[in-house]
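In the working numbering, each residue carries its 1-based index in the sequence shown increased by 5. Ideal Cβ positions, reconstructed from N, Cα and C, are used throughout, including at glycine. What follows is a short report on a single structure.
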Amino acid sequence: MTEQTGSPVEYQSGSPEQYQGVLTSPLDALDGVILDTPIDPVFDGDPFDTKMDGALLVSELMSMGDPEVAVGMQRYMRDQFMFLGVKTPERKAISKPFFKVARKDPHADWSFISMCWALPQREFQYVAADYLREVKHLLGAEDLPRIKTLVEAKSWWDTVDALDRTVGEIVVRNPSEKETMLAWAQDSNFWTRRIAIDHQLLLRGETDVDLLEEIIVLNLPDSEFGGEFFIQKAIGWSLREFSKTNPSWVRDFLDRHPVAALTRREASKYL
Numbered sequence: 006m007t008e009q010t011g012s013p014v015e016y017q018s019g020s021p022e023q024y025q026g027v028l029t030s031p032l033d034a035l036d037g038v039i040l041d042t043p044i045d046p047v048f049d050g051d052p053f054d055t056k057m058d059g060a061l062l063v064s065e066l067m068s069m070g071d072p073e074v075a076v077g078m079q080r081y082m083r084d085q086f087m088f089l090g091v092k093t094p095e096r097k098a099i100s101k102p103f104f105k106v107a108r109k110d111p112h113a114d115w116s117f118i119s120m121c122w123a124l125p126q127r128e129f130q131y132v133a134a135d136y137l138r139e140v141k142h143l144l145g146a147e148d149l150p151r152i153k154t155l156v157e158a159k160s161w162w163d164t165v166d167a168l169d170r171t172v173g174e175i176v177v178r179n180p181s182e183k184e185t186m187l188a189w190a191q192d193s194n195f196w197t198r199r200i201a202i203d204h205q206l207l208l209r210g211e212t213d214v215d216l217l218e219e220i221i222v223l224n225l226p227d228s229e230f231g232g233e234f235f236i237q238k239a240i241g242w243s244l245r246e247f248s249k250t251n252p253s254w255v256r257d258f259l260d261r262h263p264v265a266a267l268t269r270r271e272a273s274k275y276l
């Protein structure tokens, strides 16, 4: 997926002194790094209180940065974010042994996640999203508000789309949270709406078609964000994926609803 349109979301910068009590000694290697204002420094948890050494993972990623690679990565994302210059295969290789430990932890380390979102380089947000997928079995309904906060901080398609299936996993295990998805589908932040639209991606036969339809209808062209590229694209993406499982349902949906031209093109790809 290569969506790159829209306007940048600005975020503030702060001084490291703001994070005293959050940062632990392994992060001494990051002395002098200017952090962005954290979304929530601790998320009601003790900093780095799991067996996975999140601070060391941050340090290792920092040490692997390549400034020349970072230039191209930054340009690809329209210079909205700083980058270390760590490519995806390298990031995953560095993270792998840490995540192996994380999967055995008793709970997710939200202080680690918050730290990753507070660091200015985009790779740290990617590694936090990777981490959440790895520990999705540790997540519950109580984590959805926290994930929503991530969605709405430093928002762009790359991080938002990296979180949608984690949200979907939580909702599958907690069916009462379908109501939360309906609320997100009407949120004042269109990135949150995008998560709601796409949270059932890849559920195939387990897709709740009534929920899918209701969420999409709330975001058709006559809705508050119905003209937004990222919403039209998300609807098309959700319908396109489901068409691989139930093409007749998608055809019928397109016949019954006035979707945007972009949505129709995306949704009809496999019909």
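Beta-carbon spacing of residue i, residue j below 8 Å
| i | j | result |
| --- | --- | --- |
| Pro263 | Leu207 | no |
| Ser89 | Asp110 | Just to set this straight, residue 89 is Leu in the shown sequence, not Ser. For Leu89 and Asp110, no; Cβs fall outside 8 Å. |
| Leu66 | Glu128 | yes |
| Ala107 | Thr185 | no |
| Lys249 | Asp213 | no |
| Leu155 | Ile175 | no |
| Glu157 | Trp196 | yes |
| Leu276 | Arg261 | no |
| Leu217 | Ser243 | yes |
| Leu267 | Gly241 | yes |
| Met57 | Phe103 | yes |
| Thr164 | Ala201 | no |
| Trp115 | Arg151 | yes |
| Trp162 | Phe235 | yes |
Those residues which DSSP pairs with residue i across a bridge
| i | result |
| --- | --- |
| Gln126 | Met87 |
Distance between beta carbons of residue j and residue i, contact taken as under 8 Å
| i | j | result |
| --- | --- | --- |
| Ala239 | Leu259 | So it is not a contact: roughly 16 Å between Cβ atoms. |
| Arg198 | Thr171 | The pair is not a contact, with the Cβ atoms about 17 Å apart (cut-off 8 Å). |
| Val75 | Tyr131 | Note on identity: in this sequence residue 75 is Ala, with Val being the wrong assignment. Going by Cβ atoms, the distance from Ala75 to Tyr131 rounds to 13 Å, so no, they are not a contact pair. |
| Leu187 | Glu219 | 6 Å |
| Val177 | Glu147 | That belief does not hold up - the Cβ atoms of Val177 and Glu147 are roughly 16 Å apart, past 8 Å. |
| Ala113 | Val140 | 5 Å |
Identity of the residue in the options nearest residue i by Cα
| i | options | result |
| --- | --- | --- |
| Gln191 | Val177, Gly70, Ser228 | Ser228 |
| Phe117 | Gly59, Gln237, Arg269, Ile221 | Gly59 |
| Arg209 | Ile221, Lys153, Glu147, Arg245 | Arg245 |
| Pro180 | Arg270, Arg151, Gly145 | Gly145 |
| Asp71 | Met87, Ser119, Leu124 | Met87 |
| Asp169 | Lys159, His204, Lys153, Tyr136 | His204 |
| Asp84 | Asn251, Pro125, Gly173 | Pro125 |
| Ala265 | Ser253, Ile221, Trp254, Asn251 | Ile221 |
| Ser173 | Ser160, Lys159, Lys153 | Per the sequence presented here, residue 173 reads as Gly, with Ser not at that position. It is Lys153. |
| Arg269 | Gln237, Phe247, Met78, Met120 | Gln237 |
| Ser64 | Arg96, Met78, Asn251 | Arg96 |
Contact test: residue i Cβ vs the ligand ATP heavy atom, cutoff 7 Å
| i | result |
| --- | --- |
| Val177 | Because no ligand of any kind appears in the structure shown, any question about the ligand ATP cannot be addressed here. |
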